[in-house]
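Asks: The following block contains the structure, expressed as structure tokens.
2 protein chains.
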Amino acid sequence: MKTIKHSRQRDAIYNFLCTRKDHPTADIVYNNILPEFPNISLGTVYRNLSLLTELGQIQKISCGDNSEHFDADISSHNHFYCRKCKAVIDLPMENIDFIETLASNSFGGKIESHKTYFVGICENCLNENM
Amino acid sequence: MKTIKHSRQRDAIYNFLCTRKDHPTADIVYNNILPEFPNISLGTVYRNLSLLTELGQIQKISCGDNSEHFDADISSHNHFYCRKCKAVIDLPMENIDFIETLASNSFGGKIESHKTYFVGICENCLNENM
DNA sequence: TATATAATAGTAATCGTTACTAATATTAAT
DNA sequence: ATTAATATTAGTAACGATTACTATTATATA
Numbered sequence: 001m002k003t004i005k006h007s008r009q010r011d012a013i014y015n016f017l018c019t020r021k022d023h024p025t026a027d028i029v030y031n032n033i034l035p036e037f038p039n040i041s042l043g044t045v046y047r048n049l050s051l052l053t054e055l056g057q058i059q060k061i062s063c064g065d066n067s068e069h070f071d072a073d074i075s076s077h078n079h080f081y082c083r084k085c086k087a088v089i090d091l092p093m094e095n096i097d098f099i100e101t102l103a104s105n106s107f108g109g110k111i112e113s114h115k116t117y118f119v120g121i122c123e124n125c126l127n128e129n130m
Numbered sequence: 001m002k003t004i005k006h007s008r009q010r011d012a013i014y015n016f017l018c019t020r021k022d023h024p025t026a027d028i029v030y031n032n033i034l035p036e037f038p039n040i041s042l043g044t045v046y047r048n049l050s051l052l053t054e055l056g057q058i059q060k061i062s063c064g065d066n067s068e069h070f071d072a073d074i075s076s077h078n079h080f081y082c083r084k085c086k087a088v089i090d091l092p093m094e095n096i097d098f099i100e101t102l103a104s105n106s107f108g109g110k111i112e113s114h115k116t117y118f119v120g121i122c123e124n125c126l127n128e129n130m
């Protein structure tokens with residue numbers, strides 16, 4: 001059996017993610033951990049982000065902007081992608097997990113989870129146009 | 001002003017997409033158009049898929065499997081990603097566009113659209129395990 | 001038919017991500 | 001504590017998806 005050993009780099013990656021609400025990419029995680037681990041390699045960051053995602057400790061957000069974003073908040077919540085400033089932010093709203101039930105009604109497969117993201121212009125970018 | 005000129009390649013790409021319900025990637029589109037346009041280049045396929053997406057004639061599906069999928073069906077509908085066979089399929093269900101209203105309630109930005117995809121095991125893969 | 005210019009083919013380059021390997025860190029057992 | 005087993009790392013190379021570049025071709029307009 002393959003066991004998981006503790007790693008200080010993985011802790012640092014996870015802890016950094018916990019401090020951020022803006023869903024950083026692997027590259028951003030890497031650059032922010034460099035001060036503490038000057039020799040950490042980008043591959044280590046990618047490997048641990050994948051591992052943490054598989055373990056369910058973080059989640060991956062794919063919003064079509066050609067790089068994956070990561071979120072240490074694994075509670076069920078939704079995201080918003082601003083097509084102007086490209087930011088990926090949380091969109092606090094009532095829980096919509098019931099759409100999984102709606103989806104199950106006429107579907108023969110097994111639905112395990114869902115991802116929803118909204119697209120538009122964020123509040124900051126709206127205000128800049130005034 | 002920049003005008004859009006007609007292109008036989010773009011037509012072929014769009015028409016091919018219309019024949020498919022499985023949301024092919026750029027590479028699959030390319031390989032299926034090769035018989036008709038033996039000299040078409042992959043760049044042309046990518047450029048036109050992007051253009052058609054911008055024009056709203058097709059839609060792009062990002063489901064986190066490191067390549068974009070495309071769909072000529074631009075009506076509001078949802079997708080399912082099978083984490084076993086990696087297929088991206090339609091998931092017919094009642095319309096859930098009202099979640100955009102729910103999202104708007106406590107959000108200061110402008111919501112223009114949303115994307116939802118469900119993840120799990122498709123019917124075919126479920127049956128294979130029996 | 002001529003002119004303007006958008007689109008293409010072909011290729012090179014870029015970017016995000018993964019794979020490889022020898023060295024290191026962690027864990028469990030002595 | 002020491003050792004042994006092995007998971008993890010750093011460093012680098014490789015990969016796949018996508019974009020950029022440029023001379024040529026196709027399309028649209030006059």
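Residue numbers (my numbering), protein chains in the order written: chain Y, 1 to 130; chain R, 1 to 130. Yeah, the Cβ is synthetic: ideal placement off N, Cα and C, and Gly gets one too.
Give me the Cβ distance between C122/R and G109/Y, rounded to the nearest whole Å; I'm assuming they're in contact under 8 Å.
Replies: C122/R to G109/Y, Cβ: 4 Å. Contact.
Asks: Identify the contact partners of G108/R in chain Y, using a Cβ-Cβ distance below 7 Å as the criterion.
Replies: The answer, in chain order, is E123.
Asks: For the stretch 12-45 of chain R, list every residue whose C-beta sits within 8 Å of some C-beta in chain Y, in sequence order.
Replies: Result list empty, no residue passes.
Asks: So, with DSSP's three-state summary, where would you put D65/Y?
Replies: Coil at D65/Y, not helix or strand.
Asks: Starting from the C-beta of L42/R, find all residues in its chain whose C-beta is less than 6 Å away, skip the five residues before and the five after it, and write them out in chain order.
Replies: Hits under 6 Å: Y30.
Asks: Give the residues of chain R in contact with K60/Y, contact being defined as C-beta atoms less than 7 Å apart.
Replies: Those are G64, listed as they occur along chain R.
Asks: I need the straight-line Cα distance from S67/R to H23/R, nearest angstrom please.
Replies: Their backbone Cα atoms lie some 11 Å apart in a straight line.
Asks: DSSP on E94/Y, reduced to helix/strand/coil?
Replies: Coil at E94/Y, not helix or strand.
Asks: At a Cβ threshold of 8 Å, is N129/Y touching chain R?
Replies: No, because no Cβ of chain R sits closer than 8 Å to the Cβ of N129/Y.
Asks: Between the alpha carbons of N48/R and S104/Y, how many angstroms are there, rounded?
Replies: Distance between the alpha carbons of N48/R and S104/Y is about 35 Å.
Asks: Can you tell me whether R8/Y is buried or exposed? The criterion is at least 16 other CB atoms within 10 Å of its CB, across all chains shown.
Replies: That one is exposed.
Asks: Taking Cβ positions, are Y117/Y and K115/R nearer each other than 8 Å?
Replies: Cβ distance < 8 Å, so Y117/Y and K115/R count as in contact.
Asks: In whole angstroms, give me the CA-to-CA distance for H133/R and P35/Y.
Replies: Any property of residue 133/R remains undetermined from this structure, which presents chain R solely from 1 to 130.
Asks: Chain Y beta carbons: is any one of them nearer than 8 Å to that of A72/R?
Replies: False, the Cβ-Cβ gap to chain Y never drops below 8 Å.
Asks: Rounded to a whole number of angstroms, what is the C-alpha to C-alpha distance between Y46/Y and G120/Y?
Replies: Looking at the two C-alpha atoms, the distance is approximately 29 Å.
Asks: Beta carbon of Q59/R, beta carbon of I40/R: below 8 Å?
Replies: No, these two residues do not count as a Cβ contact at 8 Å.
Asks: List, from N- to C-terminal side, the alpha helix (DSSP H) runs of 4 residues or more that fit wholly inside the stretch 29-92 of chain Y.
Replies: As far as the stretch 29-92 of chain Y is concerned, its whole alpha helix (DSSP H) runs of at least 4 residues are 42-55.
Asks: So with Cβ pairs under 8 Å, would you call H114/Y a contact of chain R?
Replies: Yes, H114/Y counts as interfacial toward chain R.
Asks: Who does S113/Y pair with in a DSSP beta bridge?
Replies: DSSP, once it has assigned bridges, lists V119/R as partnering S113/Y.
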